[in-house]
Structures are given as C-alpha cells and as structure tokens.
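Chemist: The structure under discussion is supplied below as structure tokens; questions concerning it will follow.
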Amino acid sequence: MGDRSKPSVLIAGSANADFVVRAGRIPAAGETVLGGDLAIFPGGKGANQAVAAARAGGVATRMVAAMGDDDPARLIAASLADAGVALDIRRSARSTGAALITVSDAGENAITVAPGANSDLGPDDLPDLDGIAWLVMQLETPLDTVSAFARAARDRGVKVLLNAAPARALPAGLLAVVDLLVVNEDELGMLAGTQGSLAEQLARTGVGITVVTLGGRGACARVGQDYVLQPAFAVTPVDTTAAGDTFCGVLAAGLAEGLDLPAALARAAAAGALATTKAGAQSSIPSRAEMDAFIADARQHGLDGLAAYCGLAAAAI
215 MGDRSKPSVL IAGSANADFV VRAGRIPAAG ETVLGGDLAI FPGGKGANQA
265 VAAARAGGVA TRMVAAMGDD DPARLIAASL ADAGVALDIR RSARSTGAAL
315 ITVSDAGENA ITVAPGANSD LGPDDLPDLD GIAWLVMQLE TPLDTVSAFA
365 RAARDRGVKV LLNAAPARAL PAGLLAVVDL LVVNEDELGM LAGTQGSLAE
415 QLARTGVGIT VVTLGGRGAC ARVGQDYVLQ PAFAVTPVDT TAAGDTFCGV
465 LAAGLAEGLD LPAALARAAA AGALATTKAG AQSSIPSRAE MDAFIADARQ
515 HGLDGLAAYC GLAAAAI
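In the working numbering, the protein residues as written are 215 to 531.
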C-alpha cells in the first residue's frame with residue numbers, strides 16, 4: 215500500500231466529521247449564543263494529521279482508523295483519498311466519530327468530541343509496519359490501543375510520535391516507548407506538572423524529544439539536554455481548529471523525509487500557521503508548495519521573547 219520508493223508514515227487514530235458553527239464568541243457555561251450557518255467538514259485529529267503529512271510531500275502516508283458505514287465515513291474517506299492517503303478502515307457498528315465545534319470571530323475554538331467508532335479501534339488492528347519510518351498517534355482512540363501500537367512499533371524499530379491530545383494522564387510504560395512527544399502548554403502541565411518554567415516541565419516528561427506548541431509564540435523542543443526554539447510565523451488567524459494537527463503531521467513527514475529537527479520544526483510551524491488562515495480542518499491544511507512559498511516570504515516573531523517565556527536564555531540556544 216502506498217509508494218514504497220518513499221519513506222512512509224503511518225497515522226493510527228481518530229476520524230471525525232466536524233460540525234462547525236461560527237459565532238461572535240464561544241459561549242460560557244449555561245449560555246446560548248446565536249451563530250452562523252452549520253458547516254460540515256472531514257476532521258478528527260488522526261485524519262487531519264494524515265492529510266497534513268501527505269500534503270507535506272516527500273513521504274508515503276497511510277492511515278488506520280475505525281469508522282461506521284455512514285455518510286460521515288464516506289466524507290472523510292474521500293478527503294483522505296484526495297490528499298493521497300492510503301486508508302485502512304476498520305468497520306464499526308457505531309456511527310463515525312463527530313466533533314461539535316464553535317469558532318469565535320477571534321479564530322479561537324471550543325470542541326466537544328463524540329468518539330463513536332473511534333472507540334472500536336483495537337489493539338489488534340495495527341496493520342503491517344513494513345516500510346514505515348514513523349508511527350503517529352493521538353489520544354482520541356482507546357489508551358490500551360495506543361499503548362499496544364507503540365510497543366509493537368518499538369519492537370519493529372519504527373519511531374513513535376505521540377501527540378498527547380486531548381490532555382490526560384499517561385502511564386509511564388507508554389511514554390517509555392515514545393520517541394517524540396508533542397503537547398500544547400496545558401497538555402504538558404497535565405503530564406509533567408505546572409511547577410517551574412516550561413523548560414523545566416519539558417525535562418520531566420521522560421521522553422527523549424518533547425515539543426511544546428505555544429500558539430502565537432511558537433514552539434520549544436527539548437532534545438536530550440538541549441533545547442530548540444521555533445518562533446511563530448506571523449499570520450491573522452481565522453480558525454485554529456486544525457493548527458496543532460497540521461503541525462504534528464508535517465513534523466512527522468519532515469523527520470521521515472530526513473530533515474533534522476530544527477528544519478522539521480520550522481516547516482511544521484509554518485504549516486500550522488497557514489492552517490489558521492482558512493476555515494475548516496482538512497480544508498485548511500496547506501500543500502507543500504504553499505508551505506515553501508510562505509516560508510520564503512514569512513516573518514517570524516522574535517526569538518528573545520520566546521526564550522524568556524520558556525525560561526531559557528536565547529544566547530544559550
């Protein structure tokens with residue numbers, strides 16, 4: 215399955231239909247806010263990351279996901295096929311997963327996920343890992359499945375990227391077989407505690423490489439005892455729904471293609487920034503040509519401010 219002449223990335227994870235409503239602001243608890251028209255997009259953290267990896271180019275991209283036999287599944291499968299993702303579907307009697315998303319005029323979002331068929335992706339559903347360079351996973355499928363897949367990949371010499379989202383506590387046994395952990399600031403706090411600077415929190419994850427994404431500030435990675443800072447690219451956000459997923463998928467593709475971590479981080483940060491400038495999840499993910507053009511003409515926010523926010527001295531990076 216896929217182009218065997220290229221390194222391959224396998225995404226194992228969630229596939230959802232995103233039901234999106236734009237509103238002036240995200241409602242508070244107990245509040246009703248009138249919004250605009252309902253739009254339905256293919257989404258899910260796993261499927262979004264698969265589309266991002268495929269559009270980044272340079273790698274063959276595969277995905278395994280559990281879906282129902284329904285219209286949302288067909289919508290997602292068509293989007294993945296259009297992006298060039300080879301899809302391995304595990305059929306479920308449940309409906310395909312769904313996400314209810316409110317997007318504010320400021321581009322922020324609030325998301326509630328109904329896992330549906332995603333809950334039926336089981337530990338025995340991992341496909342053949344022949345030719346796979348990186349296995350990419352998230353936490354919208356059962357934790358025992360994520361752990362079983364990660365152990366199997368480690369046993370086969372396949373690198374494991376875990377995007378620990380949505381935030382939850384994770385067993386040490388899972389983190390021990392993860393090569394690269396990607397989290398946002400809240401997820402990092404959940405895993406490592408909120409004491410100390412971000413640099414100190416990164417040092418407590420127990421994973422060889424940990425990347426924390428910081429929205430409009432950029433990203434910071436701890437690699438062994440060293441740190442890599444990636445300032446954000448300046449954009450005017452419209453919808454941040456798939457920005458983190460885009461970052462993860464493009465990062466995995468870059469590493470599988472042979473980029474070093476700083477170069478892969480820069481490409482991932484640019485792609486994530488671009489994804490915020492369009493509405494929808496997979497519909498917002500840029501192509502490789504768009505990424506290249508954007509990087510060539512982009513402005514990044516200052517390194518000094520990012521270093522100070524993470525508790526690091528820029529001169530030491």
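We put the CB at the ideal spot given by N, CA and C, even for glycine. Keep in mind it's a predicted model, so treat the numbers as computed, not measured.
(1) Name the DSSP bridge partner or partners of residue 441?
(2) Which one of 520, 281, 334, 345 has the shortest CA to CA distance from residue 444?
(3) Spatial neighbours of residue 486 within its chain, please: CB distance less than 6 Å, with the 5 preceding and 5 following residues excluded, ordered by chain position.
(4) Identify which residue in 421, 276, 318 has its Cα closest to the Cα of residue 220.
(5) Measuring CB to CB, does residue 290 end up less than 8 Å from residue 229?
(6) Residue 240: which of 294, 266, 315 sits nearest, CA to CA?
(7) Thinking C-alpha only, which one of 252, 333, 251, 480 is nearest residue 354?
(8) Quick check on residue 342: does DSSP put it in helix, strand or coil?
(9) With burial defined as no fewer than 16 other Cβ atoms inside 10 Å of the residue's Cβ, what is the status of residue 511: buried or exposed?
(10) What does the alpha-carbon distance come out to for the pair residue 309 and residue 288?
(11) Have a look at residue 371 and residue 362 and give me their C-alpha separation to the nearest angstrom.
(12) Along the chain, where does the alpha helix (DSSP H) containing residue 451 start, and where does it finish?
(13) Within this structure, are the beta carbons of residue 401 and residue 428 separated by less than 8 Å?
(14) Just the C-alpha distance for residue 501 and residue 301, rounded to the nearest angstrom, thanks.
(15) Looking only at its own chain, which residues have a Cβ that is under 7 Å from the Cβ of residue 414, when we skip the five neighbours before and after it?
(16) Using a 10 Å radius around the Cβ and a threshold of 16 neighbouring Cβ atoms, would you call residue 245 buried or exposed?
(17) In this structure, does DSSP put residue 491 in helix, strand or coil?
(18) Residue 357: buried (16+ other C-beta within 10 angstroms of its C-beta) or exposed?
(19) Rounded to whole angstroms, how far is the Cβ of residue 507 from the Cβ of residue 499, which I believe are closer than 8 Å?
(20) Which whole-angstrom value describes the C-beta separation of residue 374 and residue 367, a residue pair presumed to lie in contact below a C-beta threshold of 8 Å?
(21) Determine the burial state of residue 481: buried for a count of at least 16 other Cβ atoms within 10 Å of its Cβ, exposed for fewer.
(22) Got a sec? Which residues, its chain only, sit under 6 Å from residue 463 by beta carbon, not counting five neighbours each side?
(23) For residue 451 and residue 514, what's the separation of their Cα atoms in angstroms?
(24) Measuring CA to CA, which of 449, 412, 280 is closest to residue 430?
(25) What ranges does the alpha helix (DSSP H) occupy inside the segment 342–424, keeping only unbroken runs of at least 4 residues that lie completely in it?
(26) How would you label residue 438, buried or exposed, when you count the other beta carbons within 10 angstroms and need 16 or more for buried?
Modeler: This is what the structure holds:
(1) As a first step, residue 441 must be located in the sequence shown, where it is residue number 227. In DSSP, residue 441 forms a bridge with 436.
(2) Taking the sequence shown and counting its residues from 1, one reaches residue 444 at position 230. Closest by alpha carbon: 520.
(3) Looking up residue 486 in the sequence shown gives position 272. These residues qualify, in order along the chain: 457, 460, 461.
(4) As a first step, residue 220 must be located in the sequence shown, where it is residue number 6. Checked all of 421, 276, 318; the closest Cα to residue 220 is 276.
(5) Against the sequence shown, residue 290 aligns to sequence position 76. Against the sequence shown, residue 229 aligns to sequence position 15. Yes, these two residues count as a Cβ contact at 8 Å.
(6) On the sequence shown, residue 240 is found 26 positions in, with the first residue counted as 1. Ranked by Cα distance from residue 240, the options 294, 266, 315 are led by 315.
(7) Translated into the one-based positions of the sequence shown, residue 354 becomes position 140. Taking only the C-alpha atoms, the option nearest residue 354 is 333.
(8) Start at 1 with the first residue of the sequence shown, and residue 342 comes out as number 128. Here residue 342 sits in coil by DSSP.
(9) Translated into positions along the sequence shown, residue 511 becomes position 297. The residue is exposed, with fewer than 16 neighbouring Cβ atoms inside 10 Å.
(10) Counting from one through the sequence shown, the residue named residue 309 turns up at place 95. Counting from one through the sequence shown, the residue named residue 288 turns up at place 74. Roughly 12 Å between the two C-alpha positions.
(11) On the sequence shown, residue 371 is found 157 positions in, with the first residue counted as 1. On the sequence shown, residue 362 is found 148 positions in, with the first residue counted as 1. Rounded to the nearest angstrom, the two C-alpha atoms are 14 Å apart.
(12) Reading the sequence shown from its first residue, position 237 is the one you call residue 451. Following the DSSP letters along the chain, one finds residue 451 in no alpha helix (DSSP H), marked with neither H nor E.
(13) Translated into positions along the sequence shown, residue 401 becomes position 187. Translated into positions along the sequence shown, residue 428 becomes position 214. No, Cβ-Cβ distance for residue 401 and residue 428 is not below 8 Å.
(14) Within the sequence shown, residue 501 is the residue found at index 287, counting from 1. Within the sequence shown, residue 301 is the residue found at index 87, counting from 1. For the pair residue 501 and residue 301, the Cα-to-Cα distance works out to about 19 Å.
(15) Taking the sequence shown and counting its residues from 1, one reaches residue 414 at position 200. Taken in chain order, the residues that qualify are 525.
(16) Locating residue 245 in the sequence shown gives position 31, where the first residue counts as 1. Exposed, since its Cβ has fewer than 16 Cβ neighbours within 10 Å.
(17) Here the question's residue 491 lines up with position 277 in the sequence shown. In this structure, residue 491 counts as coil in the three-state DSSP scheme.
(18) Along the sequence shown, one-based indexing puts residue 357 at 143. Residue 357 is exposed by the Cβ-count criterion.
(19) In the sequence shown, counting from the first residue as 1, residue 507 sits at position 293. In the sequence shown, counting from the first residue as 1, residue 499 sits at position 285. Actually they are not in contact, since the Cβ atoms of residue 507 and residue 499 sit about 15 Å apart, beyond 8 Å.
(20) Within the sequence shown, the letter at position 160 stands for residue 374. Within the sequence shown, the letter at position 153 stands for residue 367. With a Cβ gap of about 5 Å, residue 374 and residue 367 count as contacting.
(21) Translated into the one-based positions of the sequence shown, residue 481 becomes position 267. Buried.
(22) As a first step, residue 463 is located in the sequence shown; it is residue number 249 there, counting from the start. Correct list, in chain order: 263, 266, 267.
(23) By 1-based counting over the sequence shown, the position of residue 451 is 237. By 1-based counting over the sequence shown, the position of residue 514 is 300. The alpha-carbon of residue 451 is positioned some 15 Å away from that of residue 514.
(24) For the purposes of this step, residue 430 is taken as the residue at position 216 of the sequence shown. Selected option, being the one with the closest Cα: 449.
(25) Segments of the alpha helix (DSSP H) lying fully in the segment 342–424: 357–369, 386–389, 399–406, 412–416.
(26) To locate residue 438, count along the sequence shown from 1; it is residue 224. So residue 438 ends up on the exposed side.
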